[in-house]
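Residue 3 in my numbering sits at position 19 of the sequence shown; the count goes up by one each step and never skips.
Structure record follows, encoded as structure tokens.
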Amino acid sequence: MPNNVLSIQKVGKRYSQQLIFHDLSLSVDAGEMIAITGPSGTGKTTPLNIIAGLDFPDEGAVYIDNTCVTHLTEQERTKVRKEKIGFVFQFFNLIPTLTVLENCLLPLELNKLDRTIISAEKTLIIEKLSALGLQDKLDSFPEYLSGGEQQRTAIVRALAHKPKLILADEPTGNLDQETATEVAKLLCQEAKDTGCSLVIVTHSDTLAKLADRQMTIAKHQLI
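Below, the structure is given as structure tokens:
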């Protein structure tokens, strides 16, 4: 798996004896964008939770950057999440008591990077936020931002610590159509520019078509 940022190998999952999926396998190369689609209730978010180590498969294994995360301790999984994964959520999940800039700096703080490194990255983050039209919002709290502004902030935050992999769960699902299209293009372009891999769960055909590959969960399998 030398070029695989993510490898899912024959993963199966049940909840209370209800089969969600079985024999799910997927490899994602460095810089590749994958969209996972499917009807509501098919368990599209479950693979993201398993990849992130927030849930556990009943069978199979998940590798991130050649590390098997399935059997790590909670502390080890947390370390992988902090260092190698960025998250973009439907409801933004910005910290309400932190400003735009503070939210974007949070992944660097959590990774306890050297202050010199954080200072240099802060400059780059401010430049990125300004390029996305948020130059006047750096000291604003999330409640004073529009949905599109919150999601743009969330994307910058997800990329701040230069993760290998971005996991995006319905990242445009809480936005109007025009803003959703803008954010979809932004997310894919930012991932491409930074060279990280991107796995998106989405109902949006617009967003799915921007990916390198589109896959569907149907009949308990990924096809």
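Beta carbons are placed, not taken as given, at the ideal position from N, Cα and C, and that holds for glycine.
These numbers come from a predicted model, not from an experiment.
Sequence-distant residues of the same chain with beta carbon closer than 7 Å to A175, five excluded per side: Translated into positions along the sequence shown, residue 175 becomes position 191. If we look at A175 and ignore the five residues flanking it on each side, its Cβ neighbours are M17, I150, L182.
Whole angstroms is fine: what's the gap from M(-15)'s alpha carbon to D7's? Position 1 of the sequence shown, counted from the start, is the residue given in the question as residue -15. Position 23 of the sequence shown, counted from the start, is the residue given in the question as residue 7. Per-residue confidence for M(-15) stands at a pLDDT of 47, beneath the threshold of 50, marking its modelled position as unreliable; the derived number appears in the next sentence. Near 19 Å, if we compare the C-alpha coordinates of D7 and M(-15).
Can you round the beta-carbon distance between G25 and L143 to whole angstroms, since I take them to be within the 8 Å contact cut? Here residue 25 is taken as the residue at index 41 of the sequence shown, counted from 1. Here residue 143 is taken as the residue at index 159 of the sequence shown, counted from 1. With a Cβ gap of about 31 Å, G25 and L143 do not count as contacting.
Between the CA atoms of L97 and A104 - distance to the nearest angstrom: Start at 1 with the first residue of the sequence shown, and residue 104 comes out as number 120. Start at 1 with the first residue of the sequence shown, and residue 97 comes out as number 113. Looking at the backbone, the Cα of A104 and that of L97 are separated by about 11 Å.
Could you tell me whether the stretch 28 to 48 touches the stretch 59 to 73, where touching means 3 or more Cβ pairs closer than 8 Å? By the Cβ rule, the stretch 28 to 48 counts as touching the stretch 59 to 73, because three or more pairs are nearer than 8 Å.
What would DSSP say about S114, mapped onto helix, strand or coil? Here residue 114 refers to the residue found at position 130 of the sequence shown. Three-state DSSP puts S114 in a helix.
If you run the structure through DSSP and keep just helix, strand and coil, what is L191? The residue given as residue 191 occupies position 207 in the sequence shown. Three-state result, L191: helix.
With three or more beta-carbon pairs closer than 8 Å as the criterion, would you say the stretch 38 to 47 touches the stretch 116 to 135? These segments do not touch.
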